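Colleague:
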Amino acid sequence: MRKDPIIMELRQIRDAHAARFHYNFGAIAADWLKEEAAAKRAGQKFVDLSAKKPRHRRGTSPKTAKI
């Protein structure tokens with residue numbers, strides 16, 4: 028398998044970040060949350076990936092839908 032230089036660089040960055048916190052996941056997650064809060068305060072927009080309630084499509088109803 029060919030090594031992708033972009034993936035290798037991302038892994039190095041991720042490893043360096045984890046090493047700063049001695050690979051303690053709790054400390055890493057706390058840092059992520061702190062960075063996210065700072066970005067939100069600075070006005071950076073975030074995408075909401077939470078699940079959304081399904082909507083009815085026009086022209087269909089539960090009675091006429093073929094299931």
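In the working numbering, the protein residues as written are 28 to 94.
Even glycine gets a Cβ: it sits at the ideal position worked out from N, Cα and C.
Computed from a predicted model, the values in this text were never measured in an experiment.
DSSP on A64, reduced to helix/strand/coil?
Modeller: Counting from one through the sequence shown, the residue named residue 64 turns up at place 37. In the structure shown, A64 sits in a helix (DSSP, three-state: H, G or I).
Colleague: Which of the three DSSP states, helix, strand or coil, is assigned to M35?
Modeller: In the sequence shown, counting from the first residue as 1, residue 35 sits at position 8. Looking at M35 - three-state DSSP - the assignment turns out to be helix.
Colleague: From the DSSP output, in three-state form, read off G70 for me.
Modeller: On the sequence shown, residue 70 is found 43 positions in, with the first residue counted as 1. Residue state, collapsed to three classes: coil.
Colleague: Leaving out five residues before and five after K67 in sequence, what residues of the same chain have Cβ atoms less than 6 angstroms from its Cβ?
Modeller: Here residue 67 refers to the residue found at position 40 of the sequence shown. Cβ within range, chain order: n/a, list empty.
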